[in-house]
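For the protein sequence lines, the chains are U and F, in the order given. The opening position of the first sequence corresponds to residue 33 in our numbering, with each subsequent residue numbered one higher. The opening position of the second sequence corresponds to residue 58 in our numbering, with each subsequent residue numbered one higher. Note sheet for the following structure.
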Amino acid sequence: MQTSNVTRKELAEVVAGKLGYPLSSCSDIVDRLFNAMKASMLDGSSIKLVHFGTFSVRDKKPRKGRNPRTGKAITIQERQIVSFRPSKQLRARVNRQA
Amino acid sequence: MNKSELIEALAQDIAVPHREAAAITNTVIDTMTEALARGESIEIRGFGSFVIKNYGSYEGRNPKTGKKIKVSPKKLPFFKVGKDLREQVNKNR
Numbered sequence: 033m034q035t036s037n038v039t040r041k042e043l044a045e046v047v048a049g050k051l052g053y054p055l056s057s058c059s060d061i062v063d064r065l066f067n068a069m070k071a072s073m074l075d076g077s078s079i080k081l082v083h084f085g086t087f088s089v090r091d092k093k094p095r096k097g098r099n100p101r102t103g104k105a106i107t108i109q110e111r112q113i114v115s116f117r118p119s120k121q122l123r124a125r126v127n128r129q130a
Numbered sequence: 058m059n060k061s062e063l064i065e066a067l068a069q070d071i072a073v074p075h076r077e078a079a080a081i082t083n084t085v086i087d088t089m090t091e092a093l094a095r096g097e098s099i100e101i102r103g104f105g106s107f108v109i110k111n112y113g114s115y116e117g118r119n120p121k122t123g124k125k126i127k128v129s130p131k132k133l134p135f136f137k138v139g140k141d142l143r144e145q146v147n148k149n150r
């Protein structure tokens, strides 16, 4: 199934069309918005966007794993991951349209 | 960080009033929400991507009572963190 894909370009176009700024500034603005979110996560602090969801940085403990190809046991080191939990509203919106 | 803090960070970064930064932030989030509601995916280079995953119906149990219940098919937005961000988050401790 081929569905369309929204990228920074489309977001910049919507911002430009809705708020009347030049498109070139909007590309920069959208980049900066995502950069602000990245900076917050790199700071270790989660981002809570009401009606959308929460991005959080979580610590994963080290665990034993295996190289799937060789079957060799290896230790997967402790690491940090970003997880996203969609808000109730977003989950409801996604399910509303069949 | 919550939404108003994000708006404030953007307002300072691009030197516009809070109200304008709020309009921008809300437009971006609304556009993303609408795209996901239409079942479209979102891909932001260096940040991550969102896809809608379809889950079929299955028989689950109420964890409290142990009673069997039928879980209807559902869709959930799923976020996959981008390579850049994943690597940076991991390095940055």
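All C-beta atoms in this analysis are idealised placements derived from N, C-alpha and C, irrespective of residue type, glycine included. Please read these numbers as outputs of a predicted model, since none were measured by experiment.
Within 8 Å, strictly: CB atoms of leucine 133/F and tyrosine 112/F: In the second sequence, the residue the question calls residue 133/F occupies position 76. In the second sequence, the residue the question calls residue 112/F occupies position 55. In this structure, tyrosine 112/F lies closer than 8 Å to leucine 133/F by Cβ.
Residues from the region 84 to 115 of chain U in contact with chain F, defined by Cβ distance under 8 Å: Phe84, Gly85, Phe87, Val89, Arg111, Gln112, Ile113, Val114, Ser115
Isoleucine 106/U, buried or exposed, once every other Cβ within 10 Å from all chains shown has been counted against 16: Taking the first residue of the first sequence as position 1, residue 106/U is located at position 74. By the 10 Å Cβ count, isoleucine 106/U comes out exposed.
Residue(s) in a DSSP beta bridge with lysine 121/F: Within the second sequence, numbered from 1, the residue matching residue 121/F stands at position 64. Lysine 121/F is not bridged to any residue.
Through-space distance from glycine 52/U to leucine 65/U, alpha-carbon basis: Translated into positions along the first sequence, residue 65/U becomes position 33. Translated into positions along the first sequence, residue 52/U becomes position 20. In a straight line, the C-alpha of leucine 65/U is about 18 Å away from that of glycine 52/U.
Contacts around threonine 82/F, its chain only, beta-carbon distance under 8 Å, and the 5 residues preceding and following it disregarded: Taking the first residue of the second sequence as position 1, residue 82/F is located at position 25. Result list for threonine 82/F: Lys60, Leu63, Ile64, Leu67, in chain order.
Identity of the residue in Gly139/F, Val128/F, Gln69/F nearest isoleucine 61/U by Cα: Here residue 61/U refers to the residue found at position 29 when the first sequence is read from its first residue. The option with the nearest alpha carbon to isoleucine 61/U is Gln69/F.
Contained alpha helix (DSSP H) runs [length at least 4] in the region 55 to 123 of chain U, N- to C-terminal order: 55 to 74
Nearest residue (CA-CA) to serine 36/U, options Ile109/F, Pro130/F, Met58/F: As a working mapping, residue 36/U is identified with position 4 in the first sequence. The candidate whose alpha carbon is nearest that of serine 36/U is Ile109/F.
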